[in-house]
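Asks:
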Amino acid sequence: MNRTLTASLLVLSGAIGLIALLYPLVAPALDGITSLQAFQASQPGTSGYALLTTTLIGISLLALLLEVQGQTANAKIIAALGVLVAITSVLRLVETAIPGIGGFSPVFVPIILAGYVFGSRFGFLMGTLSMLTSAIITAGVGPWLPYQMFVAGWVGVTAGLLPHPENARLKLAMLAVFAFAWGMLYGGILNLYFWPFVAGETSAMTAAGGGIGDTVASYGAFYMATSFVWDIFRSIGNIVLIIALGIPAIRAMTRFRDRFHFELA
Amino acid sequence: MRFNSRAWMVWVLVVAFLAMFARNPLYSIILLALSLLAIQYYARIESPVRSMFLQISLGILLFSAIYHALFIHIGDHVLFELPQWPLIGGIITVEAIADGFRNGLVLIALIATFMALNTIVPSRELVRLVPAAFQDLAVVVLIAITYVPETRRHLRRIREAQAIRGHRPRGFRDWRPLILPLLVGGLERAMRLSEAMVARGHVSERAENSRAPERILLIAGLFTALIGWVMAILWGVSGYILLSLGGLVLVLIVVRKGRRVRRTSFVAVPWTATDTILVFTSLAALILVIAPWPVIGRLSLSYVPYPLLKMPEFHPLVGLALILLSFPILMGMTTQRDHDRMTEPDQNATSSREGIRQAR
Amino acid sequence: MEKSRNIIITVSSICLILVWLLSASPRQLNAQDPNHVAVVVRLDEEEVVTQCVAFNEEQISGYDALRRSGLSVTAGFDAQGGTICQIDGVGCPADNCFCQCKGGQDCIYWSYWHQVGDSWEYARVGATTYKVSDKEVEGWSWGPGTISQAIEPPAVTFEEVCDSLGSSEMGVPMEESTSSGNWLQYVLFGGILGLFALALVYSQIRSKSR
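So, in structure tokens, the structure goes:
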């Protein structure tokens, strides 16, 4: 019962994220099926779209937080989360202090590792709260925050779902691939969110007007122009960091988890 | 002169909403000016965005103009014509560039509004705005914020220790000896902290939180919201109602849960008459602009430069409604500032002292 | 020093760009344009307007063809590009382009058609995106708009519209924006900005006097 509820909430929220994010890409394809003017008939415009979607993502984020919080309320977990979130936020602050390239930012590695060791719920909280805290301390609160939290939360959730192979090399390789994939995905997803904002209502969704291919191509151009290079650097940075840190960090966190008798399902 | 952070939140949300809603550059400029003036009068916290605001704005304008010029080939003032390349081929028009500037202006106004929130409301008060139902999460964030300076010090110590040993950070490889001690040290601290928390009576509310009916309701609410969103996209109004219904269910659950949480607040933040006026004027401006009045120039809210560029309209009534939002600036001008810009910890100390003083 | 030079460079390049932008003038239409497209507009059951539109370019958008037909056209522009709201006084205002929609299926608006061979085909792409070439026939029909319900425009051939020529040929110059009008609103706007500027100056004076 308990697990079914949590699982269905997670699935629902994931579905919401996917639908809301992919909608701009799929919309023109829907046009082709029905009719363009009919489709436009009820379009609220992009400001409406962005507002609607932010609301929906916000609602689903709050629901997930409520659910996950209910399962984790415990002084040990709260303290561990608080400290780990602080470390992640500081890493985000000092991004520039250590030479790295381009868009490299180390925030995802702790989220992935924590999710991997402590499980999906912890990973979710780690992701969302890291984004929230670093936004607060760097004065970066804005309409983009719910999306960042949502996506970073899902980085943690999925990390918790990964298998735990015995072989250390295999584990490391798996985590590295995982971190690379999320590095790319994160940029792509946040861009999808920003796209209608930046590109403006006239062009965003049907720049080229035809089927889904044209929209994807137009999004692709936007993506290439804005963040492809950054994403590549971020993802490669993630791999390097996972390889350098992964095993000892996992060991340290596992030791801590065992000492604490974390009761996490 | 200070406003309650809840009142500021209302003001910021109204300005941000209007910035997204009124897509006429003249209104965007007014909203942008309002946010910048609010920052000028009330900012207490330095923000990296603020020092780079001009560069960021120019960058956004430039990018948006180029993007629109390349992707929108509508308009009568043709600058030149690109060959039929995929995606970007076609005529480059002044109208598209103007539309790019207009869109960039909306974005800049939005950024400025949130910059106002970030620089005016101290982080601790931001956390305080979190509803009681999320108390545990608020505690996590508070712990994190508290530990950030310490973690930075910790990081500096580790680097100094490495520097003494002749270690110079050069690349990716150097993250390892830096982060591992940070992680281990941090986890040790978490251990001590949690023991202290339990010793001081922090109680887990596990049993309280896992009420099955509430969780089923939560799922149902979320599902309703999703259906509402789809319907709003496809069919308009009926969907908005469903989406708000889903949101309402969530709000109800949050309120119910919040009631069960007992929260001690150490400093009662005063709510004064000026706060009420701020909320009132903000909401009045919102309603004046978005409600479908016959008189007020709704047409002027959207500005479309296509197909032939023309001056955007400025409707006096909308302008007056926006002026209502300048109430905090008016207050900032007429009253003395009770303290100059300060660094954050000092400011917090003063704020609690002041809170106590006023509570008496 | 470095900073002020940067500012000078930025400002002067912005000025240059502005001058360049302002120097562009609206497209002029030529009476001897070589290409033609027929536009068929079905206003209601009885009334159908046809126009032959001449153009100079190789292709123009369906939207431009409609505008140059000389009929008054109101279009809304939003997320999906341009949408035709009103033709020749029939339809909806630009800010509520689908005023005859009650959600779902019952929607009355301007449906958009292309003639392929001898029959009408429902447009799959918006008029601002679609490109028409010489000798094509474009159709607009006011009524229930979805693909299953829409009423196609009457069968008219290109020759019927464009060969009878003479008076029906259109190459109407685009309407100039007439509302140079109400300067008072801009005075008000300027006044508000002026007040804001005063507030800014005041705050700076005050913080200096400390």
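Protein chains in written order, with the working numbering: chain A, 1 to 265; chain B, 1 to 360; chain C, 1 to 210. No residue lacks a Cβ here, since even glycine has one placed at the ideal position from N, Cα and C.
(1) Please confirm whether A/M205 has its beta-carbon closer than 8 Å to some beta-carbon of chain B.
(2) With distance defined between alpha-carbon atoms, name the residue in B/L70, B/A69 and B/I92 nearest to B/Q80.
(3) Under 8 Å, with one C-beta from each stretch per pair, do the stretch 72 to 85 of chain A and the stretch 165 to 184 of chain A reach the 3-pair mark?
(4) Are the stretch 180 to 188 of chain A and the stretch 222 to 236 of chain A in contact at 8 Å, needing three or more beta carbon pairs?
(5) According to DSSP, is A/G227 helix, strand or coil?
(6) Could you check if C/V40 is buried or exposed, using at least 16 other CB atoms within 10 Å of its CB as the buried criterion?
(7) At what residue ranges does the stretch 124 to 206 of chain B contain a whole run of the beta strand (DSSP E), taking only runs of 3 or more?
(8) Excluding the five sequence neighbours on either side, which residues of its own chain have a C-beta within less than 7 Å of the C-beta of B/A138, listed in chain order?
(9) Please list the residues of the stretch 75 to 99 of chain B that have a C-beta atom closer than 7 Å to any C-beta atom in chain C, keeping them in chain order.
(10) Going by alpha carbons, who is nearest to C/N6 out of B/L58, B/L117, B/G258 and B/P305?
(11) What residue range is occupied by the uninterrupted alpha helix (DSSP H) comprising A/G142?
(12) Counting only beta-carbon separations shorter than 8 Å, does B/V198 have a partner in chain A?
(13) Starting from B/G319, find everything on chain C with Cβ-Cβ shorter than 7 Å and list it in chain order.
(14) Are the beta-carbon atoms of C/W120 and C/E152 separated by less than 8 Å?
(15) According to DSSP, C/Q86 sits in a beta bridge with which residue or residues?
(16) Assuming contact is defined by CB atoms lying nearer than 8 Å, are B/I108 and B/A65 in contact in what I supplied?
(17) Under a Cβ-count criterion, where at least 16 other Cβ atoms within 10 Å of its own Cβ denotes burial, should A/L12 be classed as buried or exposed?
(18) If you follow the beta strand (DSSP E) that C/R42 is part of, which residue opens it and which one closes it?
(19) Hey, how far is the Cα of C/C162 from the Cα of C/G190?
(20) Find out if the Cβ-Cβ distance for the pair B/G239, B/G246 is shorter than 8 Å.
(21) According to the neighbour-count rule (16 or more other Cβ atoms, all chains shown, within 10 Å of its Cβ), is C/I17 buried or exposed?
(22) Give the C-beta separation of B/F314 and C/L188 to the nearest angstrom, bearing in mind that I take them to be a contact with Cβ-Cβ under 8 Å.
(23) Contact between the stretch 103 to 118 of chain A and the stretch 7 to 14 of chain B is defined here as three or more beta-carbon pairs at a separation below 8 Å; is this criterion met?
(24) Quick check on the DSSP output: the alpha helix (DSSP H) that includes C/T157 runs from which residue to which?
(25) Just the C-alpha distance for C/I205 and B/T335, rounded to the nearest angstrom, thanks.
(26) Starting from C/G143, trace the beta strand (DSSP E) both ways and give me its first and last residue.
(27) Chain B beta carbons: is any one of them nearer than 8 Å to that of A/T158?
(28) Would you kindly check if the distance between the Cβ of B/L218 and the Cβ of B/I253 is under 8 Å?
(29) Which whole-angstrom value is the C-beta distance of A/A179 and A/I112, which I expect to be below 8 Å?
(30) What does DSSP give as the partner residues of C/E121 in its beta bridges?
(31) My guess is that A/G108 and A/V155 are in contact by the Cβ rule of under 8 Å, so how many angstroms apart are they, rounded?
(32) If you draw a straight line from the alpha carbon of A/G45 to that of A/T53, how long is it in whole angstroms?
(33) Checking 8 Å against the spacing of the C-beta atoms, do B/G186 and A/V83 come in under that value?
(34) Where DSSP assigns a beta bridge to B/S302, which residues make up the other side?
(35) Can you tell me where the beta strand (DSSP E) holding B/E95 begins and where it ends?
(36) Quick one: Cα of A/G115 to Cα of B/E188, how far?
Replies: So, from the data block:
(1) Caution is warranted here: a pLDDT of 38 is assigned to A/M205, below 50, making its placement in the model unreliable, and the coordinate value is therefore given only provisionally. With 8 Å as the cut-off, A/M205 does not count as an interface residue toward chain B.
(2) Per the sequence presented here, residue 80 of chain B reads as Phe, with Gln not at that position. Of B/L70, B/A69 and B/I92, the residue nearest in Cα terms is B/I92.
(3) Short answer: they don't touch.
(4) yes
(5) Going by the sequence as given, residue 227 of chain A is Ser instead of Gly. It is coil, neither helix nor strand.
(6) buried
(7) none
(8) V127 and V130
(9) D76, H77, V78, L79, V94 and I97
(10) B/L58
(11) A/G142 -> no alpha helix (DSSP H), and no H or E assigned at all.
(12) yes
(13) Those are L188, F189 and I192, listed as they occur along chain C.
(14) yes
(15) C/T74 and C/G91
(16) No. Outside cutoff.
(17) buried
(18) N35 to R42
(19) 51 Å
(20) Not in contact: B/G239 and B/G246 (Cβ atoms no closer than 8 Å).
(21) exposed
(22) 7 Å
(23) no
(24) Premise fails: C/T157 is in no alpha helix (DSSP H) and is neither H nor E.
(25) 15 Å
(26) E136 to P144
(27) no
(28) yes
(29) 6 Å
(30) C/H114
(31) Residue identity check: residue 108 of chain A is Phe in the sequence provided, not Gly. Right, the Cβ-Cβ distance comes to about 6 Å (below 8 Å), so this counts as a contact.
(32) Confidence is the limiting factor: at A/G45 the pLDDT is only 41, short of 50, which leaves the residue's position unreliable, though a coordinate-based value still follows. Cα to Cα, the separation comes out at about 12 Å.
(33) yes
(34) B/R23
(35) B/E95 -> not in any beta strand (DSSP E); alpha helix (DSSP H) instead, spanning V94 to I120.
(36) 19 Å
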